[in-house]
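Read the structure below first, then the notes.
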Amino acid sequence: MGQDYEIDQMISAKAIAARIEALAREIELRFAGTDKLVVVGLLRGSFVFIADLVRELDLPVEVDFLEASSYGDAMESSREVRILKDLRGEIGGRDVLVVEDIVDTGFTLHHVLGLLGSRAPKRLETIALLDKPSRREVDIKATWTGFEIPDAFVVGYGIDYGQRNRNLPFIGQVRLTQ
Ligand code: PRP
Ligand code: MN
Ligand code: MG
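With the sequence shown counted from 1, adding 9 to any position gets you UniProt numbering.
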């Protein structure tokens, strides 16, 4: 990345934690009585969110991962979603919760839901920490959303800028300098 930038905090770690607690209660209600909830994290961006979310869930949970990539190191969506790693487990007849860090154009979530839906899960719900509705190109919305945000380039809490800054504990906004 040749361009210099600074990061301004947009959503604090504390605000994220509080929102996750509230979302976990809603998920527990929706999946009450499940024999097992398969929580699917979309790599790489969701790895921090799924870690915090599953630790809040008072449900029998299995964690699995699927790697989907459409941005690579670019700032703009390629609109082509590549599945780089598939689930380890079977989801036919299971309760499934897909965990995403952010829904932007919607291509990633749309593609993944098509793929997982074709495997005939019993229930398939989605949660995204962030939603940028103003950028949507595919008509899709997660079952639960943590925060709706404006069209800003965000990083942290799992989200990268050129593969960097995923380890920030908060959601920040990239501000290009010069
Ligand atoms: C980012 C982000 C979402 C997706 C959202 O993933 O983590 O998965 O893009 O964008 P969309 O709604 O326009 O499809 P990316 O492709 O950068 O892969 P990563 O998770 O490994 O960073
Ligand atoms: Mn992603
Ligand atoms: Mg990325």
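Ideal Cβ placement from N, Cα and C applies to all residues, glycine included.
Values in this document were obtained by computation on a predicted structure and should not be read as measured data.
Buried or exposed by the 16-neighbour rule on C-beta atoms within 10 Å, applied to residue i
i: residue 154; result: buried
i: residue 135; result: buried
i: residue 192; result: Outside the displayed span of the chain (10 to 187) sits residue 192, for which this structure offers no information.
i: residue 151; result: buried
Other residues of its chain near residue i: CB distance less than 6 Å, five sequence neighbours each side excluded
i: residue 91; result: 78
i: residue 61; result: 29
i: residue 234; result: This structure does not reach residue 234, given that the chain is present from 10 up to 187, and the question cannot be answered.
i: residue 76; result: 52, 93, 94
i: residue 121; result: 77
Sequence-distant residues of its chain with Cβ nearer than 8 Å to residue i (five each side left out)
i: residue 88; result: 79, 114, 116, 146
i: residue 159; result: 141, 143
i: residue 66; result: 33, 36, 37, 46, 48
i: residue 148; result: 115
Residues near residue i by beta carbon distance below 7 Å, same chain, minus five either side
i: residue 14; result: 183, 184, 185, 186
i: residue 12; result: 185
i: residue 40; result: 46, 68, 104
i: residue 176; result: none
Review point. Just checking, does the stretch 90-105 make contact with the stretch 116-129 on the three C-beta pairs under 8 Å criterion?
Key: The answer is yes - the stretch 116-129 touches the stretch 90-105, with three or more Cβ pairs under 8 Å.
Review point. How about the stretch 81-88 and the stretch 22-34: do they share at least three Cβ pairs that are nearer than 8 Å?
Key: With fewer than three CB-CB distances shorter than 8 Å, the stretch 81-88 does not count as touching the stretch 22-34.
Review point. Pick out every residue whose C-beta is nearer than 5 Å to a heavy atom of the ligand MG: which are they, in chain order?
Key: Every residue passing the under-5 Å Cβ criterion appears here: 80, 169.
Point to revise | 3 or more residues per run - each beta strand (DSSP E) lying fully within the UniProt domain "Phosphoribosyltransferase" (21-170) | key: Every unbroken stretch of the beta strand (DSSP E) spanning 3 or more residues and falling wholly within the UniProt domain "Phosphoribosyltransferase" (21-170) is given here in chain order: 46-52, 70-78, 91-94, 104-112, 132-140, 153-157.
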